[in-house]
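Enquirer: Take a look at the following structure, please.
Here is the structure:
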């Protein structure tokens, strides 16, 4: 009973990943944090990735520190009832030249929430709004821990545009099609949302751009009025 519409994101559980690259001494690591309804705040096979013990002193190293473990990837549970600040520690070990660089793509993160990179002293030495800049360089080897603080936002749907015609489809399965937004091809910051004939948002998710192709997989929840004895979920 739903037709996909490219509009605002529905009010739904936080569901996104964010990567920050930490490099120094000619080496680098991609550290991934995020939220998912399918994840817990502990280790989830296929989602999270442990990091090995740190390299010897005097060599570069970086890893997330969460729940007394080292991680390259730690995705936590995303829930609309838990839209509070979540803090991941980033443990740092400086190379011989005492320079560490952190880079990230901030092109699409502002609508997802607030992203703050801060030292463990409440921002006395480092206090960066990651939605405003996309990199920072550290040169103080005594600064061995940086906190990545993320507070996810809740989205609310807009009404479909005037004159939009709904096409009920009381079926399930995989649907493949071509989507344009005002005649333009989809971009990495676009979202796909589905609405019912009453303008209620039934599901949404960000588009994934890979090799010039955009795709997404949206769980859509609804009921087929032609089968009142069956709950399609």
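Numbering (the working numbering), first residue to last: 17 to 249. Each residue gets a CB set at the ideal place from its N, CA and C atoms; glycine is no exception. Keep in mind it's a predicted model, so treat the numbers as computed, not measured.
Mind checking which residues open and close the beta strand (DSSP E) that includes residue 105?
Expert: Where residue 105 is concerned, the enclosing beta strand (DSSP E) stretches over 102 to 109.
Enquirer: If we call anything under 8 Å between Cβ atoms a contact, is residue 118 one with residue 152?
Expert: Going by C-beta atoms, residue 118 is nearer than 8 Å to residue 152.
Enquirer: Assess contact between the region 145 to 159 and the region 108 to 125, defined as three or more Cβ pairs (one per stretch) separated by less than 8 Å. Is contact present?
Expert: Yes, since at least three Cβ pairs between the region 145 to 159 and the region 108 to 125 fall closer than 8 Å, the two stretches touch.
Enquirer: Going by CA-CA distance only, name the one from 109, 141, 142, 103 that's closest to residue 130.
Expert: When each option's Cα is compared against that of residue 130, the closest is 103.
Enquirer: Please report the distance separating the alpha-carbon of residue 123 from that of residue 160.
Expert: Roughly 28 Å between the two C-alpha positions.
Enquirer: With a cut-off of 8 Å on the beta carbons, I'd call residue 165 and residue 125 a contact; round off their distance for me.
Expert: Going by Cβ atoms, the distance from residue 165 to residue 125 rounds to 13 Å, so no, they are not a contact pair.
Enquirer: Residue 128 by DSSP, collapsed to three states: which one?
Expert: Looking at residue 128 - three-state DSSP - the assignment turns out to be helix.
Enquirer: Does the contact criterion of 3 or more C-beta pairs under 8 Å hold for the region 61 to 80 versus the region 36 to 47?
Expert: Segments in contact, yes.
Enquirer: Specify the secondary structure class of residue 36 as computed by DSSP and reduced to three states.
Expert: The answer is strand: DSSP assigns residue 36 an E or B state.
Enquirer: Rounded to whole angstroms, what's the CA-CA distance from residue 173 to residue 31? Just pull it up for me.
Expert: Because the pLDDT of residue 173 is 48, which lies under 50, any placement of that residue in the model is unreliable, and the number read from its coordinates should be weighed accordingly. Taking the straight line from one Cα to the other gives about 16 Å.
Enquirer: Near residue 128, what residues of its chain come up, given a Cβ to Cβ distance below 7 Å and the 5 sequence neighbours on each side ignored?
Expert: Excluding sequence neighbours, residue 128 sits near 32, 168, 169.
Enquirer: Beta-carbon within less than 6 Å of residue 65's beta-carbon, same chain only, minus the 5 sequence neighbours each way: which residues are those?
Expert: Taken in chain order, the residues that qualify are 88, 89.
Enquirer: Between 145, 37, 106, 70, which lies nearest to residue 83 when the distance is taken from Cα to Cα?
Expert: Answer by Cα proximity: 106.
Enquirer: Buried or exposed for residue 92, please, with buried defined as at least 16 other CB atoms from any protein chain shown within 10 angstroms of its CB.
Expert: The residue is buried, with at least 16 neighbouring Cβ atoms inside 10 Å.
Enquirer: Go ahead and label residue 108 buried or exposed: buried means 16 or more other beta carbons lie within 10 angstroms of its beta carbon, across all protein chains shown.
Expert: So residue 108 counts as buried.
Enquirer: Quick check on DSSP: helix, strand or coil for residue 222?
Expert: Strand, per DSSP.
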